[in-house]
Each structure stands twice: as C-alpha cells, then as structure tokens.
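The next block holds one structure in the form of structure tokens; read it before the comments.
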Amino acid sequence: NAGVTQTPKFQVLKTGQSMTLQCAQDMNHEYMSWYRQDPGMGLRLIHYSVGAGITDQGEVPNGYNVSRSTTEDFPLRLLSAAPSQTSVYFCASSSDVGGRGQGVRRTEAFFGQGTRLTVV
Amino acid sequence: KNQVEQSPQSLIILEGKNCTLQCNYTVSPFSNLRWYKQDTGRGPVSLTIMTFSENTKSNGRYTATLDADTKQSSLHITASQLSDSASYICVDPGKGGGYQKVTFGIGTKLQVIP
Chain A
25 NAGVTQTPKF QVLKTGQSMT LQCAQDMNHE YMSWYRQDPG MGLRLIHYSV
75 GAGITDQGEV PNGYNVSRST TEDFPLRLLS AAPSQTSVYF CASSSDVGGR
125 GQGVRRTEAF FGQGTRLTVV
Chain B
368 KNQVEQSPQS LIILEGKNCT LQCNYTVSPF SNLRWYKQDT GRGPVSLTIM
418 TFSENTKSNG RYTATLDADT KQSSLHITAS QLSDSASYIC VDPGKGGGYQ
468 KVTFGIGTKL QVIP
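For the record, the sequence lines run as chains A and B. Numbering of the first sequence is given in the working numbering, commencing with residue 25 and proceeding in unit increments. Numbering of the second sequence is given in the working numbering, commencing with residue 368 and proceeding in unit increments.
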C-alpha cells in the first residue's frame with residue numbers, strides 16, 4: 025500500500041523557473057492538502073481540496089497553484105520560483121469515516137515523504 | 368488564529384528513560400487535538416487524537432493526556448528507545464477537525480541517546 029507518494033524528493037530551481045510537485049494517493053481519500061515546512065515554524069497550509077474539481081486557498085497560497093482533476097492526484101505548481109519558496113513541501117490526504125448512528129469524523133492526515141525544494 | 372505552543376523546543380534523554388512533552392493550545396471551538404511524530408527527512412505520522420471528552424489515550428509506549436480546563440495536552444513517552452528520536456508535533460485540525468484551518472505546533476525535537 026503506497027499511501028501518499030510525492031515526487032520529486034529533491035529539486036533545485038533557479039529564480040523565475042516554474043515546476044510542478046506531484047502528489048498521488050491510492051486510499052481514495054476525498055481530502056488532500058499541500059503544506060510547507062520551514063525551520064522554526066510549524067507546517068503551514070498552502071492549498072487544499074475537498075474533492076475532485078474543488079480547491080481552496082490555505083494560509084500561504086501566494087505563488088502557488090493547484091488543481092484536482094482526479095481523486096488520486098493533487099499537483100502543486102510553482103509559477104515563478106522565488107528564493108522565499110525554498111522549503112520542504114508535504115502533501116497529505118484524509119477522509120471521513122463513520123456514518124449513521126456513529127457520527128462522522130475526519131481521519132488523521134496521511135503525509136507523503138516530502139519534497140525538499142531549493143530556489144537559487 | 369488558534370495558537371498551539373509546544374515545550375520544550377528540544378530534549379535529550381538517555382535510552383530507557385521517560386519524558387513528557389507539553390502542548391498549550393488556545394483553540395476555539397475545540398474539536399480535537401492530535402499528536403504526530405516526524406522522523407528526520409520524512410512526513411509526520413499520526414500518534415493519537417484527543418477529543419474533548421477524553422482525558423487520557425495510549426498508543427503503545429505513548430500516552431497523551433488532555434486537560435480542557437487549562438488547555439494543555441501532554442505526550443508521555445515511557446521507556447524511550449533510540450527510534451523515538453524525532454520531532455513530536457501537536458496539531459489543532461481546526462473547526463470540525465477538517466484541517467482546512469489547521470494549526471501545527473513548531474514541535475519538540477527529541478533525541479534519545481544510548
């Protein structure tokens with residue numbers, strides 16, 4: 025069971041270049057998110073999706089685009105890389121469990137291995 | 368914005384010893400609080416979830432507690448092992464537990480030495 029798979033694991037970009045970070049999950053989760061992790065700070069939400077075709081901005085969305093054409097994939101695009109986007113990026117997915125008589129609750133977030141991005 | 372503050376920032380303990388990590392939160396409305404473990408170079412992995420009605424929950428050698436009156440949660444690690452070396456992150460998933468307004472603590476970096 026692969027879970028959440030991110031590619032690439034490492035990437036170096038020059039300022040102004042664009043690239044796409046890939047994220048795929050095989051758990052049929054409806055919720056997917058992108059985070060960045062910087063030293064001395066907690067993970068911060070960039071964008072999230074509650075299902076195919078639906079995305080919304082998180083806490084730090086500027087400079088990033090996302091799309092969700094399928095349940096499995098949630099790519100993150102850097103339009104014009106800047107040194108401030110040097111960070112470790114994590115993709116995560118989660119789902120709702122439970123139902124009638126039990127109450128619905130959200131599962132924990134399942135994270136990918138991360139992509140370490142350096143913009144020079 | 369909800370706040371999640373963790374202490375200490377870092378901790379070094381001898382293998383076999385116990386330790387307790389703290390999380391102070393100002394979460395409103397409270398849905399649940401989660402603890403994650405993050406090994407170096409890897410993504411966080413969920414350890415436990417604390418709901419409002421739960422005071423204590425265990426996951427192997429990890430025991431989480433929640434005091435809703437003081438808005439504090441703690442993670443107690445018993446008989447530490449070298450593999451416990453990691454960052455431990457306290458997380459408020461946000462309203463309804465949905466992660467759309469998630470707040471992550473900075474984490475406590477634990478190092479277990481032989």
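The C-beta atom is built at its ideal place from N, Cα and C for all residues, glycine as well. Please read these numbers as outputs of a predicted model, since none were measured by experiment.
Check: Segment contact, 8 Å Cβ cut-off, at least three pairs: the stretch 373-383 of chain B with the stretch 97-114 of chain A; Outcome: no
Check: Between the CA atoms of D459(B) and Q389(B) - distance to the nearest angstrom; Outcome: 14 Å
Check: Euclidean distance between Cα positions of Q540(B) and S395(B); Outcome: Nothing can be reported for residue 540(B): it is not among the residues displayed for chain B, which extend from 368 to 481.
Check: E83(A) versus L103(A), S57(A) and A105(A), residue with shortest Cα-Cα distance; Outcome: S57(A)
Check: Simplified DSSP assignment, three categories, for K468(B); Outcome: coil
Check: Beta-bridge partners of F23(A), as assigned by DSSP; Outcome: Because residue 23(A) is not part of the residues shown, which for chain A are 25 to 144, the question remains open.
Check: 7 Å Cβ shell around V479(B) - same chain, five flanking residues per side excluded; Outcome: I380, E382, S447, Q448, L449, D451 and S452
Check: Cβ neighbour criterion (16 or more within 10 Å) applied to Q370(B); Outcome: exposed
Check: CB contact flag (Y55(A), S119(A), <8 Å); Outcome: yes
Check: Cutoff 7 Å; reference Q41(A); Cβ partners in own chain excluding five residues on either side; Outcome: A105
Check: Supposed contact pair N385(B) and T432(B) - C-beta distance, whole angstroms, cut 8 Å; Outcome: That belief does not hold up - the Cβ atoms of T432(B) and N385(B) are roughly 14 Å apart, past 8 Å.
Check: Closer than 8 Å to chain A by CB, Q467(B); Outcome: yes
Check: C-beta neighbour in chain A for G410(B), strict 8 Å; Outcome: yes
Check: Chain-ordered chain B contacts of E132(A) [CB-CB under 7 Å]; Outcome: R401, S413 and I416
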